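Input: a single structure, listed below in C-alpha cells.
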C-alpha cells in the first residue's frame, strides 16, 4: 500500500473548526486507500505569540530555549488533530520530532535534518494509524529539541515523504496553487497545473511565498512529487511540482514574481585593486548578511575606480549600517549610497534554456513602458531586473502580457499531465 | 554545596512580569549559595484553555493525546523562565520531563513517578546552571509523554528534591502559608510557622487547597522538609512542613478545614445479610467512585434491615446516579436518599493522639450552637463532622474559638523552630 504525506500550514489548523476540516481532508485520502502521514504547523498565530512572549523577556533569547518554546506550537495542533480523527472513528497517533525519529544537526533555530529513523512511524502505520508528526522540529544529541527555521514544516513533510518512499507530498495552505504571477496584482493570473522543481525554486527565491526553497530542493534531490493545494478547496488539485524531464515544455516563461523586500547598496569610487571585492563580501558574510544581486562596473580609466552595487534584504539593512564604517575602511571607499525604493521583477521558465532572445524581449518590454532598469541578474532559468518601486505593477502587467502569463492565454502552459 | 528545589505554580508564572518576579525569587536563593532546581507549572489558565480546545473537538479525548497536549504548558513557562534568568546574567537551562530523567508508570493522565535519573540535572548543576524542570510530566516506555494528574507539579518538585537529596523543597503559589483555618471565613485565622506531614495530609484531604496530598506523602516518606510560601511576598517564610518528631506539640488541634464538595448518599432499609456492603462498595469501586465517609447503622431487629450512608464528591454524583438501578438490584434496596446540602467540618492535630476528650469537645461545641451532626468519621489525628451547609461558618467560628485557632490566641502553636 502506498504512503501519502500531507502537510497542513498554520492557517489550515488555526481553530477547532479548521482542524476538523483538516481531519476531513486526511480521511478523504485514507478512504482513497493510502497510508497517511500528516505533518502539521502550529495553530494560526501561535508561533508569533510565543515569539512575542520571549521578546517581552529578552532581546537576545538563547536559541536553545527558543526551540524549547516554539516546538510546543506543533505539539498542540498535532494532539488536537489526532483527537479530531479519533472522534471521527479513525485510529490516529501524534508524534513529536523525537518520537518520529527526526534527527537534526547539533544546532538551534535553523537545524537541518540529517536522518529520519522511520521505525516508529512505520510501526504505527502498520497498526492502521493515521500518523501525525510535528513539523518544524527534531532532536540532536542528548534528545535536545531543535527547530528547522523558516519553511521548516514543509521541509519536515518532504523529508518524511522521501524517507518513507511515499508516492507524493501534498502541501496544504491557504494558497490554492502556484500562479503564473501574483493574482493580487495580475487579476487574470492563471493557476499552473504543473511546474518543475527548478522553476519553483527560482519563483520561491524571488518572492512567490508559496513554498520555502528548502523543501523544494529536498523534493528535487529525491525526485519526490509535491502538490501545492488549498485545505479549504479539497476538490482542487492545485499545482503539481515534478522534475522537468517529465514535463512538456511549450512556453519559455512559466511565471513572474515581484520581490519588494530588497534594498540596493551602491559603493561608489572604489579603487580598482585586486581583492577589494573579496574583502567586502567576506566581511558581509561574517555578519551573516545574505547578498542577492551583485554588480561591479568596469573600472574608470581616468580615476582607476569603479562602483560595486549589490542588494540585501530590508531586514538586514540595519546590520549593514552598523558595519558601514568598517566597509569604508577595508576597501578605502567613502561614498555609500542606499536605495530602498526598488523592486525586483523576475521571469522564470525552464523553457528559456534553449530559446535565445527571452532576456532581450524582457528588456524591450520594460523599455516600451519607459521603465528604467537599475540592475540585472540572470540564472539559467530566470531573469531578474531591478526597477523603481512605483513601476512594480506596470512592469508585471506588461511582462505577463508579453510572455502570455495572463488569462488571455492558456494557463496550463505544460499541457495536462496525468495525476501523480 | 546543598541543593534547593523551588516550585512555582500557575499564578506565579501567569505573565511575563510574574515570570521576571519568579526569576528574582530564584536568584535570591542562588545568591544564598544553593544549587537551585526550579519546577514550574503552566502559565495561568493555559491548561484550562488547552482542555477547552480538546473539549471543543471531542467529549472523550484519548488520554495519550491529552498528555501530548497538556505537557506543552509547562514547556512554555520553563523556556521563558530560563530566558529571564539568562537575561539577568545567570546560566540556566530548561528540561522536559524526558530530559530531566523523570520515568513514570506506563499510563496516561494520572501516572506515578517510578524513577528519576538525575544524571542530566546533576551535570547541568555542576556546570553552574540553574536547572528548570517541567512539572506535571514524565515519560514511560518508548519516550511516551505522560502527565501526573492533579497536584502533579508539586509531586514533581518533591520527588526531585528527594532524588537529589536536596536540603528542602519550597512550594511557591499565591497562598502565603498554611493557616489554622480558611482566612476567607475566619478573618482572624493565623498563619502556622510549622505543621507536621500528617496534619498537612489530613488538612489537604479535607479541603484546604494548599498542597496536593501526593506531594506531602512523598515528602513524608523521604522526610523531606517542605515550605509553603508566596511568590509575591519573598520575605515571608510561609509554613514549614516537617516530621512530627521534630516538633514540639503544645496544642491538640492545629487546623480546621471545611469541605463543601461532598454529597451524602443514604441507602435505607437494606436487608441485614452478609456481603451486602461488600457488593455495594465493590460496584462503586468498579465505577471509579471514590467514597469518603461510610456509616452502617445497627440492624433494626424488627425488620432485620439497616441503613448504609456514605459520601462521594459532587463531581461523581452523576456517575452514581447512572448506576442507581444496579445498586438497588444487587443489594435489594429500594429507597436511596441523596443529600447535597452538607458540609464536612474537620479538626486536625497530631497533638490529639494522646489527649482524650477532643472529640467530645468538638461535638459539645457544635451542640451548643444547635448544630446537628449528620455523620462522624475519625482518624488518629482528625475528627470530621458532617453538618447542614448553612451552619458551615458558624461551626468553623465556634470550633476555632474552642480550639484556640483564631487570632485571640498564639498562632505559632508549635513554638518557633529553627529555619531549615
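Residue numbers (the numbering used here), protein chains in the order written: chain E, 23 to 442; chain V, 23 to 442.
Even for Gly, the Cβ is constructed at its ideal location relative to N, Cα and C.
Computed from a prediction, not measured in an experiment: that's the story for all the values here.
In this structure, does DSSP put residue i in helix, strand or coil?
i	result
residue 278 of chain E	strand
residue 162 of chain V	coil
residue 97 of chain V	helix
residue 419 of chain V	helix
residue 49 of chain V	helix
residue 156 of chain E	strand
residue 425 of chain E	coil
residue 242 of chain E	helix
residue 131 of chain V	coil
residue 204 of chain E	coil
residue 331 of chain E	strand
residue 25 of chain E	strand
residue 194 of chain E	strand
Can you list the residues of chain V that residue i reaches, using a CB-CB cut of under 9 angstroms?
i	result
residue 121 of chain E	164, 165, 166 and 167
residue 94 of chain E	93, 94, 95, 97, 98 and 101
Please report the straight-line C-alpha distance between residue i and residue j, rounded to a whole angstrom.
i	j	result
residue 53 of chain E	residue 65 of chain E	26 angstroms
residue 390 of chain E	residue 380 of chain E	15 angstroms
residue 311 of chain V	residue 287 of chain V	13 angstroms
residue 38 of chain V	residue 78 of chain E	7 angstroms
residue 259 of chain V	residue 192 of chain V	10 angstroms
residue 184 of chain E	residue 127 of chain E	18 angstroms
residue 319 of chain V	residue 238 of chain V	34 angstroms
residue 75 of chain E	residue 411 of chain V	45 angstroms
residue 250 of chain E	residue 190 of chain E	11 angstroms
residue 197 of chain V	residue 206 of chain V	12 angstroms
residue 329 of chain V	residue 360 of chain V	13 angstroms
residue 338 of chain E	residue 384 of chain E	29 angstroms
residue 40 of chain V	residue 248 of chain V	23 angstroms
residue 51 of chain V	residue 147 of chain V	14 angstroms
residue 266 of chain E	residue 317 of chain E	30 angstroms
residue 322 of chain V	residue 349 of chain V	21 angstroms
residue 294 of chain V	residue 367 of chain V	30 angstroms
residue 425 of chain V	residue 264 of chain V	22 angstroms
residue 282 of chain V	residue 387 of chain V	20 angstroms
Could you name the residues of the same chain whose beta carbon sits closer than 6 angstroms to that of residue i, not counting the 5 residues immediately before and after it, in chain order?
i	result
residue 137 of chain V	125
residue 113 of chain V	150 and 151
residue 155 of chain V	61, 117 and 122
residue 333 of chain E	284, 286, 314 and 315
residue 406 of chain E	366, 368 and 399
residue 211 of chain E	201, 202, 203 and 205
residue 25 of chain E	57, 186 and 188
residue 441 of chain V	Because the pLDDT at residue 441 of chain V is just 37, under 50, the model does not fix this residue reliably, and the value given afterwards should be weighed accordingly. Here the set comprises nothing.
If I measure Cβ to Cβ from residue i and keep anything under 7 angstroms in the same chain, skipping five residues before and after, which residues do I get?
i	result
residue 208 of chain E	418, 419, 422 and 428
residue 374 of chain V	274, 275, 380 and 403
residue 92 of chain V	69, 72 and 169
residue 110 of chain E	45 and 49
residue 432 of chain E	With a pLDDT of 38 at residue 432 of chain E, under the threshold of 50, the modelled position of this residue cannot be trusted; read the value that follows with caution. Cβ within range, chain order: n/a, list empty.
residue 298 of chain V	292 and 353
residue 90 of chain V	167
Are the beta-carbon atoms belonging to residue i and residue j less than 8 angstroms from one another?
i	j	result
residue 171 of chain E	residue 222 of chain E	no
residue 177 of chain E	residue 94 of chain E	no
residue 29 of chain V	residue 252 of chain V	no
residue 305 of chain E	residue 345 of chain E	yes
residue 27 of chain V	residue 186 of chain V	yes
residue 96 of chain V	residue 157 of chain V	yes
residue 213 of chain E	residue 261 of chain E	yes
residue 408 of chain V	residue 364 of chain V	yes
residue 59 of chain E	residue 143 of chain E	yes
residue 257 of chain V	residue 372 of chain V	no
residue 246 of chain E	residue 153 of chain E	no
Can you pull the chain E residues whose beta carbon is under 8 angstroms from the beta carbon of residue i, in chain order?
i	result
residue 38 of chain V	75, 78 and 79
Mind listing the chain V neighbours of residue i? Cutoff is C-beta to C-beta under 8 angstroms, in chain order.
i	result
residue 41 of chain E	79
residue 116 of chain E	87 and 90
residue 72 of chain E	98
residue 84 of chain E	104, 105 and 108
Which residues in the same chain as residue i place their Cβ atom closer than 8 angstroms to its Cβ, once the five residues preceding and following it in sequence are excluded?
i	result
residue 226 of chain E	232, 233, 234, 235 and 238
residue 358 of chain E	287, 288, 289, 290, 346, 349 and 350
Name, please, each residue of chain E whose Cβ falls closer than 7 angstroms to the Cβ of residue i.
i	result
residue 47 of chain V	Residues of chain E passing the Cβ test: none, with the nearest at roughly 16 angstroms.
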